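Working notes, beginning with the structure itself.
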Amino acid sequence: MSQVIHLERLQRPLNSSDVANTLNIPPSTLRTYTGHFRRLGHPFEKKNGRIVYSIRDVELFKEMLKLHEQGFGTIRECVLNVVNVQNNGVNVEDTQDSVDKQNKQCKQAQDTSSPIETANEIARIRQEMEELRKYVDESIKKRDELLLQTLR
């Protein structure tokens, strides 16, 4: 009887240029994304002082980009959701639900400004507009005077 031996193909770690090419993003963007993941506790392997990426890391980047393209928030919010999903082992549908909930909470927090704050903001903006009008009027007046002096 023959024994079947399953050989797993060893996957070599990917360097940053491989990952950037795979994701079709510039290396500087990859560094930014990596920083977001690291700040949220996702570990990256280092070899000779350089980050090497696993296939799972690339999958996480792809999931984050997919969420962002679908409009589920900023890059940072999408990274947070992907890291939470990875840590909790939740599926993609649950991730989208949690993203929706977070977005609703953010919007509710933004919408809770009081009418007094809104009125104050409007008054401040009107004041700034008035100051800008005065500045423009004065600048035009000075320019006209200089033109008249030059013509004389």
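The opening position of the sequence shown corresponds to residue 40 in our numbering, with each subsequent residue numbered one higher.
All C-beta atoms in this analysis are idealised placements derived from N, C-alpha and C, irrespective of residue type, glycine included.
Given the structure is predicted, the values throughout are model-derived calculations rather than measurements.
Residue closest to residue i, alpha-carbon to alpha-carbon, out of the options
i                 : options                          : result
phenylalanine 100 : Asn127, Val121 and Asn159        : Val121
serine 55         : Arg78, Asn159, His107 and Lys86  : Lys86
asparagine 126    : Glu108, Arg95, Glu156 and Gly112 : Arg95
asparagine 63     : Lys105, Pro82 and Gly74          : Lys105
Residue i burial status per 10 Å Cβ neighbour count (16 or more: buried)
i              : result
valine 175     : exposed
glutamate 84   : exposed
leucine 187    : exposed
methionine 103 : buried
alanine 162    : exposed
leucine 194    : Nothing about residue 194 can be read from this structure; the chain reaches only from 40 to 191.
Identified DSSP bridge partners for residue i
i            : result
tyrosine 92  : Leu53
lysine 173   : Lysine 173 is not bridged to any residue.
glutamate 84 : Val91
Is the segment 108-127 close to the segment 65-84, with three or more CB pairs under 8 Å?
Contact between the segment 108-127 and the segment 65-84 is present, because at least three Cβ pairs lie under 8 Å.
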